[in-house]
Amino acid sequence: MVDAGAAKSQLATGDRLIRLPDVASLVGICKTAIYKLVKSGSFPPPVKLGRASAWPEAEVIEYITAQRRSRHSRIR
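In short: position in the sequence shown from 1, add 1, done, that's my numbering.
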C-alpha cells in the first residue's frame, strides 16, 4: 500500500513525472528532437508506465540547467 503523505512529499521535492507535451514545452524543442536526444544519450530517458512514458521533472530541469551552464561557459 502506498503512503499518501510520503507520495506527496516526494512530489513536492521534484519527483513528479511529466508527460511528453510538458517536457517539450519546458525544453522548447519538438517531441521528435527529444527522442533523438534520448537515443543519443544527451537527454534523460523516459520512465515507462505501461504503454505511456513520462520523465522525472527534476531530470528535465537538471538538463535545462546544464544547457544554460554550458552556454554561459562558452560565452565567457
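The C-beta atom is built at its ideal place from N, Cα and C for all residues, glycine as well.
One thing to note: residue 30 has its Cβ no nearer than 8 Å to the Cβ of residue 55. Within the stretch 38–62, the runs of beta strand (DSSP E) at least 3 residues long that lie entirely inside it are, in chain order, 48–50 and 53–57. For residue 19, the secondary structure class from DSSP, reduced to helix, strand or coil, is strand.
The three-state secondary structure of residue 30, taken from DSSP, is coil. Within the same chain, 35, 38 and 64 come within 7 Å of residue 44 by CB-CB distance, once the 5 residues on both sides are set aside.
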